[in-house]
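Taking our numbering, the leading residue of the sequence shown gets 634, the next gets one more, and so forth. Glycine is no exception: its CB is placed at the ideal position from the N, C-alpha and C atoms. Scroll down for the structure; my scribbles are underneath it.
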Amino acid sequence: MALGLGRAGWPGLLAAWAGFTLPSAIALILFAFGIAQYQGLAESGWVHGLKVAAVAIVAQAVWGMARSLCPDRPRAALALLAALMTLFLPSAAGQVAAIVVAGLVGRWGLKIMQPAGGQAHAYPVTRKLGIAALLLFAAPLIALPLWAAASGSSTLALLEGVYRSGALVFGGGHVVLPLLQATVVPSGAVSNADFLAGYGAAQAVPGPLFTFAAYLGAIAEGPLSGWSGGLVLLGVIFLPAFLVLVGALPFWESLRHREGIQTTMAGINAGVVGILLSALYDPVWTSAIHGRADFGLALAAFGLLVYGHVSPVLVVLLAGLAGWVMAM
Numbered sequence: 634m635a636l637g638l639g640r641a642g643w644p645g646l647l648a649a650w651a652g653f654t655l656p657s658a659i660a661l662i663l664f665a666f667g668i669a670q671y672q673g674l675a676e677s678g679w680v681h682g683l684k685v686a687a688v689a690i691v692a693q694a695v696w697g698m699a700r701s702l703c704p705d706r707p708r709a710a711l712a713l714l715a716a717l718m719t720l721f722l723p724s725a726a727g728q729v730a731a732i733v734v735a736g737l738v739g740r741w742g743l744k745i746m747q748p749a750g751g752q753a754h755a756y757p758v759t760r761k762l763g764i765a766a767l768l769l770f771a772a773p774l775i776a777l778p779l780w781a782a783a784s785g786s787s788t789l790a791l792l793e794g795v796y797r798s799g800a801l802v803f804g805g806g807h808v809v810l811p812l813l814q815a816t817v818v819p820s821g822a823v824s825n826a827d828f829l830a831g832y833g834a835a836q837a838v839p840g841p842l843f844t845f846a847a848y849l850g851a852i853a854e855g856p857l858s859g860w861s862g863g864l865v866l867l868g869v870i871f872l873p874a875f876l877v878l879v880g881a882l883p884f885w886e887s888l889r890h891r892e893g894i895q896t897t898m899a900g901i902n903a904g905v906v907g908i909l910l911s912a913l914y915d916p917v918w919t920s921a922i923h924g925r926a927d928f929g930l931a932l933a934a935f936g937l938l939v940y941g942h943v944s945p946v947l948v949v950l951l952a953g954l955a956g957w958v959m960a961m
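Okay, structure coming up:
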């Protein structure tokens with residue numbers, strides 16, 4: 634979105650977002666219709682293969698993020714602390730607490746790694762517009778939980794959880810997995826089997842992992858479902874990123890050079906590695922690995938991804954085929 638904004642203004646921002654997200658979002662919504670139409674499809678052999686592929690893909694994400702975001706002992710320790718917190722507090726509140734603790738420890742406990750570099754860019758965003766965008770970003774984080782709790786509406790609770798998930802993603806798209814899982818599975822909006830089947834399918838389509846929200850909106854139980862649910866949740870999960878982008882651009886050049894900002898973000902990034910590590914165990918591992926054959930398939934997929942540098946799309950397709958063969 635920032636590239637589109639810098640090149641062609643606001644129309645460029647919208648065009649960049651649409652071109653990057655809509656193809657995969659539409660594909661995932663259609664996949665959701667297939668899962669909903671054919672009973673038992675989420676438990677079929679080839680879909681189980683997708684779930685096993687998700688184990689390998691999330692493990693690769695943890696591996697890669699840990700190498701880049703936790704290169705020293707303090708940040709590795711922060712990641713482990715966040716993983717333990719979310720393992721023993723398996724809820725959205727536990728994930729938020731882990732991110733806050735990691736950010737605070739990073740702010741006061743980490744040393745500056747290196748000064749931020751890069752070339753400055755000019756964007757058509759004023760400071761007043763930036764402040765307004767940041768206020769609009771914060772307002773739903775405060776108002777939606779209160780409104781959902783007061784009304785008891787499952788739809789508002791779903792929208793609040795998806796917006797919060799979009800607002801709390803740092804360090805990489807895979808971090809959205811535990812945040813969304815804590816939103817839709819415990820509430821019963823989406824079953825764990827359907828959730829992991831969609832997450833596996835999301836690895837086989839182009840575009841950002843945030844489009845996984847479109848699948849969840851399409852398959853969710855309740856008044857918000859189908860095409861309308863998919864498109865609404867797609868917009869809701871991207872809205873925080875849009876508001877933060879617009880809000881931060883006028884101030885970023887001065888903020889990014891401050892040591893406190895850099896160490897806080899370093900702590901948060903280490904924390905989200907731990908959150909993803911926790912999600913690798915539950916729900917990804919616990920829902921997909923049921924025996925030696927599953928573990929062997931996950932290990933083979935991980936090897937293809939990490940050491941064979943095989944495309945995730947091909948790995949997902951091969952894992953789905955292997956799951957179908959294993960179920961025969």
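For residue j and residue i, believed in contact at Cβ under 8 Å, the rounded distance
i: Arg708; j: Leu717; result: Wrong, their Cβ atoms sit about 15 Å apart, outside the cutoff.
i: Ala735; j: Gly893; result: The pair is not a contact, with the Cβ atoms about 15 Å apart (cut-off 8 Å).
i: Val917; j: Leu849; result: Going by Cβ atoms, the distance from Val917 to Leu849 rounds to 16 Å, so no, they are not a contact pair.
i: Ile732; j: Val943; result: Going by Cβ atoms, the distance from Ile732 to Val943 rounds to 32 Å, so no, they are not a contact pair.
N-terminal and C-terminal residue of the alpha helix (DSSP H) that residue i is part of
i: Leu842; result: Looking at the DSSP string, Leu842 is not in any alpha helix (DSSP H), and its letter there is neither H nor E.
i: Trp696; result: Gly678 to Leu702
i: Phe935; result: Arg925 to Val939
i: Leu810; result: Val809 to Val817
i: Thr719; result: Arg706 to Phe721
i: Trp822; result: Position check: residue 822 holds Ala in this sequence, whereas Trp was assumed. Segment: none, Ala822 is in no alpha helix (DSSP H) and carries neither H nor E.
Burial state of residue i (16 or more Cβ within 10 Å)
i: Val823; result: buried
i: Ala689; result: buried
i: Phe664; result: buried
i: Met961; result: exposed
i: Asp827; result: buried
i: Val685; result: buried
i: His890; result: exposed
Local conformation of residue i per DSSP, three classes
i: Arg889; result: coil
i: Ser944; result: coil
i: Ser920; result: helix
i: Phe828; result: helix
i: Ser858; result: coil
i: Gly785; result: coil
i: Gln836; result: coil
i: Leu743; result: coil
i: Phe884; result: helix
i: Phe803; result: coil
Any non-hydrogen atom of the ligand MG closer than 7 Å to residue i Cβ
i: His807; result: This structure does not include the ligand MG; it has no bound ligands of any sort.
Cβ contact check for the region 777-784 and the region 756-765: 3 or more pairs under 8 Å
Touching, no, given that fewer than three Cβ pairs across the two stretches are closer than 8 Å.
Counting Cβ pairs, one atom from each stretch, are 3 or more of them under 8 Å apart for the region 938-956 and the region 830-850?
Because the criterion of three Cβ pairs below 8 Å is met, the region 938-956 and the region 830-850 touch.
Taking contact to mean at least 3 C-beta pairs separated by less than 8 Å, is the region 681-696 in contact with the region 920-935?
Taking 8 Å as the limit for Cβ pairs, the verdict is that the region 920-935 does touch the region 681-696.
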